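Report on the structure given below.
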Amino acid sequence: MKYQHVFNDGSACDLPVGKVVCVGRNYVDHIKELDNPMPTEPVLFIKPATSLQSISQPIVIPEFTRDCHNETELAVLIGKAVSRAGRKEAEAAVAGFGIALDLTLRDIQKSLKEKGLPWEKAKAFDGSCPISPFIKPDDLPTPQDTRLKLDVNGQVRQDESTKLMIHKIFDLIVYMSVFFTLLPGDVILTGTPAGVAALKSGDKLMLSLDGRFDFSASVA
Numbered sequence: 001m002k003y004q005h006v007f008n009d010g011s012a013c014d015l016p017v018g019k020v021v022c023v024g025r026n027y028v029d030h031i032k033e034l035d036n037p038m039p040t041e042p043v044l045f046i047k048p049a050t051s052l053q054s055i056s057q058p059i060v061i062p063e064f065t066r067d068c069h070n071e072t073e074l075a076v077l078i079g080k081a082v083s084r085a086g087r088k089e090a091e092a093a094v095a096g097f098g099i100a101l102d103l104t105l106r107d108i109q110k111s112l113k114e115k116g117l118p119w120e121k122a123k124a125f126d127g128s129c130p131i132s133p134f135i136k137p138d139d140l141p142t143p144q145d146t147r148l149k150l151d152v153n154g155q156v157r158q159d160e161s162t163k164l165m166i167h168k169i170f171d172l173i174v175y176m177s178v179f180f181t182l183l184p185g186d187v188i189l190t191g192t193p194a195g196v197a198a199l200k201s202g203d204k205l206m207l208s209l210d211g212r213f214d215f216s217a218s219v220a
């Protein structure tokens, strides 16, 4: 099924589907759990539009991995083009917020990192970004202090507030826009807190944003 952005309230979203700009190592507890060095500036990487799929579609783990991990993240939908944006432009560019999974093939990522190679095979495969419908900014007025929660098979796996981000949402938009233009329909993933772990066939997931917006998912 072809992916298209949608709003949670049922209203139309006519934005095109663009790239997904992701932030790595943006929560201290996640950096520690993977024993990574603390970054001095945002760590950026990109998933293509083909990585996006509705959170309601079954998650398919690629046959070329043995270790596909969940990474639950606040997603930001861009509604206006920004390049070298200031703070006010960054705030005005946001069309909505959602919750997404940055699926990561940890075994492949580890192998690539050991060779000093890019991560795309581990992060940018088709369907690697299951994403919820978007909530309009007026319905999520405190995105920088909202709760991200993931339950897997009824057990809490990730549960953290976005206030613990190292680099904050609008600062990230400003920073990203220095290096590449963000276009309407692009999505930003803002990093994952601790609690990443392997998913397996048959897993049932429940993603919750702000304790008010719940989205179920499953692994094929």
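Letter by letter, the sequence shown follows residues 1 to 220 in the UniProt record's numbering.
Think of the CB as a built atom: it goes at the ideal place given N, C-alpha and C, for glycine as much as any other residue.
The structure displayed is predicted, hence computed values, not measured ones.
Based on DSSP bridge pairs, tell me the residues matched to residue i.
i	result
residue 165	27
residue 206	151 and 216
residue 59	219
residue 76	97 and 188
residue 130	53
residue 158	150
residue 5	Looking at the DSSP assignment, residue 5 forms no beta bridge with any residue, so it has no partner.
residue 45	22
residue 105	68
Look at the alpha carbon of residue i and the alpha carbon of residue j, and state the distance between them as a whole number of angstroms.
i	j	result
residue 150	residue 71	9 Å
residue 138	residue 194	28 Å
residue 115	residue 179	26 Å
residue 159	residue 205	13 Å
residue 172	residue 191	11 Å
residue 33	residue 184	34 Å
residue 95	residue 105	30 Å
residue 123	residue 66	14 Å
residue 89	residue 176	13 Å
residue 113	residue 11	42 Å
residue 27	residue 165	5 Å
residue 44	residue 117	15 Å
residue 82	residue 25	24 Å
residue 9	residue 111	42 Å
Let's test the definition: count the other Cβ atoms within 10 Å of the Cβ of residue i and tell me whether it reaches 16, buried, or not, exposed.
i	result
residue 215	buried
residue 64	exposed
residue 40	exposed
residue 56	exposed
residue 102	buried
residue 181	exposed
residue 38	exposed
residue 19	buried
residue 221	A query on residue 221 cannot be resolved here, the shown segment of the chain reaching from 1 to 220 and no further.
residue 1	exposed
residue 98	buried
residue 4	exposed
residue 75	buried
Going by CA-CA distance only, name the one from the options that's closest to residue i.
i	options	result
residue 68	210, 200, 211 and 205	200
residue 120	51, 197, 35 and 13	51
residue 14	177, 80 and 22	80
residue 197	156, 168, 111 and 162	156
residue 21	209, 128 and 154	128
residue 60	125, 148, 167 and 4	125
residue 85	207, 17 and 174	174
residue 207	161, 163, 152 and 16	152
residue 161	17, 29, 35 and 9	29
residue 17	35, 87, 54 and 9	54
residue 135	163, 213 and 87	213
Indicate whether residue i and residue j have their beta-carbon atoms separated by less than 7 Å.
i	j	result
residue 78	residue 186	yes
residue 131	residue 100	yes
residue 133	residue 7	yes
residue 23	residue 42	yes
residue 144	residue 108	no
residue 209	residue 73	no
residue 218	residue 58	yes
residue 211	residue 147	yes
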